[in-house]
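Inspection log for the structure reproduced underneath, given as structure tokens.
Laid out in structure tokens, this is it:
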């Protein structure tokens, strides 16, 4: 059983299916915000691997929890998505000042690295004050993407979700926000074979398909 950041859902579902077909070993993936899963790991949840979107969570675990050093395996990209009904193409986060944009979905920065990255971008462009009343916080970036599909006018989400939703989006430059680095923490030796699989060329191809870069 694996605990993983919600933005890893699509590639991990595909990889776990491939792994089961090739190795005959089932892999159960539990998705959630990196912070919420961190709390579960601390309390002894029976995960073999913990895959947060920020290695800091792994460094905060009590001594002895991890069986190896954290292993980076992918890097995410942050996208600002606008709902197609607005008929606007964002060329930067300044688009959020548009009065037509009233609800902006964003993952809770206390729980989700994508939320922290989004706030860093808004701060970089001096937009916090202008848009703070429009922000609608969700537990995870996956929930922000679901809100973007229906109720929200805009959303800060992962690149794969923006592509899947199909509307216009702006890709935030990686250098202006904290890195969205996915790292793996081995909690149980039984998870080691799948950890090795995550670092394989096959896995890299799947991650790339979902907008995740090599670390």
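Numbering (our numbering), first residue to last: 383 to 597.
Yeah, the Cβ is synthetic: ideal placement off N, Cα and C, and Gly gets one too.
Below 8 Å, can you find three or more Cβ-Cβ pairs linking the segment 385-396 to the segment 540-560? yes
From what residue to what residue does the alpha helix (DSSP H) around residue 510 run? 510-513
Quick check on residue 384: buried or exposed, where buried means 16 or more other Cβ atoms within 10 Å of its Cβ? buried
6 Å Cβ shell around residue 420 - same chain, five flanking residues per side excluded: 439
Can you tell me where the beta strand (DSSP E) with residue 567 in it begins and where it stops? 563-568
Do the CB positions of residue 593 and residue 400 come within less than 8 Å of each other? no
Other residues of its chain near residue 585: CB distance less than 7 Å, five sequence neighbours each side excluded: 397, 579
Tell me whether the segment 443-460 and the segment 564-573 touch, counting them as touching only if at least three CB pairs, one residue from each stretch, are closer than 8 Å. yes
Can you tell me where the beta strand (DSSP E) with residue 454 in it begins and where it stops? 453-457
Three-state class that DSSP yields for residue 471 in the structure shown: coil
Under 8 Å, do residue 531 and residue 486 count as touching if we go by C-beta distance? no
Could you check whether residue 520 and residue 526 sit closer than 8 Å to each other, using their CB atoms as the reference points? yes
Identify whether residue 521 lies in helix, strand or coil by the three-state DSSP scheme. coil
Between which two residues does the beta strand (DSSP E) holding residue 371 run? A question about residue 371 goes unanswered here, because the residues of the chain that appear run from 383 up to 597.
Just the Cα atoms here: how many angstroms apart are residue 478 and residue 517? 10 Å
Taking residue 496 as part of the alpha helix (DSSP H), name the residues at either end of that continuous run. 495-506
Please specify which runs of the alpha helix (DSSP H), each continuous and at least 4 residues long, are wholly inside the segment 383-428, giving them in chain order. 391-405, 416-424
Thinking C-alpha only, which one of 441, 466, 445, 480 is nearest residue 454? 441
For residue 407, I'd like the list of residues in its chain whose CB is within less than 7 Å of its CB, leaving aside the five on either flank, ordered along the chain. 401
Tell me, to the nearest whole angstrom, how far the beta carbon of residue 388 is from that of residue 414; I am working on the premise that it is less than 8 Å. 6 Å
Contact set for residue 574: own chain, Cβ-Cβ below 7 Å, skip 5 residues either direction: 568
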